[in-house]
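Residue 19 is where the sequence shown starts when you use the working numbering, and the numbers rise one by one after that.
Cβ coordinates follow ideal geometry from the N, Cα and C atoms, glycine included.
All values derive from a computational prediction rather than experimental measurement.
Following: one structure in structure tokens, then a few remarks.
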Amino acid sequence: MLKPPIRHFLLVVAAAVTSLAQQVVPLPVAGAAAPQGSNAEKQYFSKAWNTEVVTNVTQPNLTVYKPAAGSAPNGIGIIICPGGGFMALSINSEGIDVAKWLNGRGVTAFVLKYRLAPIEGDATEEFRRLWSDDKPKLMAIIDKDIPLAIADGRTAVEYVKKHASEFGLSPDKIGIMGFSAGGTVTAAAALSQNADSRPAFAAPIYPAVSSLNQTVPADAPPIFITAATDDNLGLGPDSVHLYQMWTGAHRSAELHMFAQGGHGFGMHVTGLPSEQFIDRFWDWLTLEGVLPK
Numbered sequence: 019m020l021k022p023p024i025r026h027f028l029l030v031v032a033a034a035v036t037s038l039a040q041q042v043v044p045l046p047v048a049g050a051a052a053p054q055g056s057n058a059e060k061q062y063f064s065k066a067w068n069t070e071v072v073t074n075v076t077q078p079n080l081t082v083y084k085p086a087a088g089s090a091p092n093g094i095g096i097i098i099c100p101g102g103g104f105m106a107l108s109i110n111s112e113g114i115d116v117a118k119w120l121n122g123r124g125v126t127a128f129v130l131k132y133r134l135a136p137i138e139g140d141a142t143e144e145f146r147r148l149w150s151d152d153k154p155k156l157m158a159i160i161d162k163d164i165p166l167a168i169a170d171g172r173t174a175v176e177y178v179k180k181h182a183s184e185f186g187l188s189p190d191k192i193g194i195m196g197f198s199a200g201g202t203v204t205a206a207a208a209l210s211q212n213a214d215s216r217p218a219f220a221a222p223i224y225p226a227v228s229s230l231n232q233t234v235p236a237d238a239p240p241i242f243i244t245a246a247t248d249d250n251l252g253l254g255p256d257s258v259h260l261y262q263m264w265t266g267a268h269r270s271a272e273l274h275m276f277a278q279g280g281h282g283f284g285m286h287v288t289g290l291p292s293e294q295f296i297d298r299f300w301d302w303l304t305l306e307g308v309l310p311k
């Protein structure tokens with residue numbers, strides 16, 4: 019296992035050699051309009067979450083990250099869905115940093131900005147306050163936007179599959195990975211009854227899935243799930259439930275429950291075994307035949 023300082027160094031090196039985002043692809047939505055003034059999309063550093071975030075997304079899009087120089091493309095594409103309680107997107111540790119790690123291994127990555135609940139002021143502070151003090155109000159704020167985010171995830175899968183040849187990808191090797199609320203979007207894509215919007219594989223990371231009541235499709239893709247038992251939002255059982263949904267439908271599933279890691283560990287360097295989730299994900303891709311053995 020790499021020690022934290024070494025892993026951090028490798029991430030910095032990977033960031034330095036990875037090509038910049040090649041393009042931003044707007045995704046089609048009905049009736050999307052950019053809000054004005056204080057509700058306009060913005061990006062800032064959140065002290066509450068100690069990371070860079072994006073808020074007030076109304077026009078979903080994919081930012082394309084191509085493999086780093088010297089890393090031969092392997093034909094695999096992965097859509098990455100950052101989390102943030104449907105009020106923000108943790109755009110670095112659950113988005114761009116993941117894309118760069120994958121780029122260094124030949125994967126073309128697509129960071130998805132999906133639609134969010136409009137929030138004035140600091141969305142991360144508001145989320146923390148409502149989660150602690152008024153969960154019913156929190157759910158009232160985000161409930162109507164969750165279906166929009168799920169629709170954006172499915173649209174993203176459909177778009178990348180349809181345009182796979184333009185990105186030098188294999189249509190049957192387009193997967194999706196997401197964190198927390200992005201894990202909800204990811205699991206919902208894997209549950210899609212429409213084969214065009216269903217990924218070849220899915221990796222929900224500490225997802226919230228209690229609201230997903232769809233039947234697992236008979237040809238559901240293999241799924242990789244991971245979370246921490248000490249998840250401070252109490253979402254550990256959601257991962258177990260999702261695993262049981264898949265195994266109950268006799269579909270391939272792998273579950274990793276780390277003893278420690280909390281919620282939102284993403285690509286943060288923590289010194290805990292949970293930071294190796296991305297390595298276990300890579301091993302799993304080989305096991306499932308997405309990568310050559």
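Residue i burial status per 10 Å Cβ neighbour count (16 or more: buried)
i: Trp119; result: buried
i: Ser210; result: buried
i: Pro217; result: buried
i: Val42; result: exposed
i: Thr173; result: buried
i: Ser228; result: exposed
i: Ala236; result: exposed
i: Gly88; result: exposed
i: Trp264; result: buried
i: Thr304; result: exposed
i: Ser150; result: exposed
i: Asp152; result: exposed
i: Glu184; result: exposed
Span separating the alpha-carbon of residue i from that of residue j
i: Arg146; j: Ala169; result: 26 Å
i: Gly266; j: Ala245; result: 20 Å
i: Leu253; j: Pro291; result: 18 Å
i: Thr69; j: Asn110; result: 7 Å
i: Ala39; j: Ala182; result: The predicted position of Ala39 is uncertain, since its pLDDT is 42 and thus under 50; a value taken from the coordinates is nonetheless stated next. Cα-Cα distance, rounded: 17 Å.
i: Leu166; j: Arg133; result: 6 Å
i: Pro225; j: Gly284; result: 12 Å
i: Thr288; j: Tyr177; result: 35 Å
i: Gln61; j: Ala206; result: 26 Å
i: Ala213; j: Gln232; result: 15 Å
i: Pro46; j: Lys179; result: 15 Å
i: Asp297; j: Ile159; result: 36 Å
i: Phe276; j: Glu144; result: 28 Å
i: Lys311; j: Lys162; result: 43 Å
i: Ala90; j: Pro222; result: 26 Å
i: Ala208; j: Pro189; result: 15 Å
i: Phe86; j: Gly193; result: The amino acid occupying residue 86 in the given sequence is Ala; Phe does not appear at that position. About 19 Å.
i: Ala220; j: Pro239; result: 7 Å
i: Gly201; j: Glu272; result: 15 Å
i: Leu107; j: Phe295; result: 20 Å
i: Pro2; j: Pro44; result: Summary: the structure shown does not reach residue 2, with the chain confined to residues 19 through 311, and so no result is reported for it.
i: Leu148; j: Phe299; result: 33 Å
i: Val308; j: Pro154; result: 41 Å
i: Ser270; j: Phe242; result: 9 Å
i: Ile114; j: His268; result: 34 Å
Integer-rounded CB distance, given that residue j should sit under 8 Å from residue i
i: Ile137; j: Met105; result: 6 Å
i: Asn74; j: Asn92; result: Their Cβ separation, rounded to whole angstroms, is 35 Å, which puts Asn74 and Asn92 out of contact at 8 Å.
i: Asp301; j: Gly280; result: No, Asp301 and Gly280 are not in contact; Cβ-Cβ is about 23 Å, not under 8 Å.
Could you give the uninterrupted runs of the alpha helix (DSSP H) lying entirely in the region 100-181, keeping only those of 4 residues or more?
115-121, 141-151, 153-160 and 164-180
Residue ranges of each beta strand (DSSP E) within the region 225-309, 3 or longer:
241-246 and 271-276
Just checking, does the region 129-137 make contact with the region 92-104 on the three C-beta pairs under 8 Å criterion?
yes
### Task
Could I get the ranges of all uninterrupted beta strand (DSSP E) runs contained in the region 186-223, with 3 residues as the minimum, in chain order?
For the region 186-223, whole beta strand (DSSP E) runs of length 3 or above, ordered along the chain, are 192-197 and 219-223.
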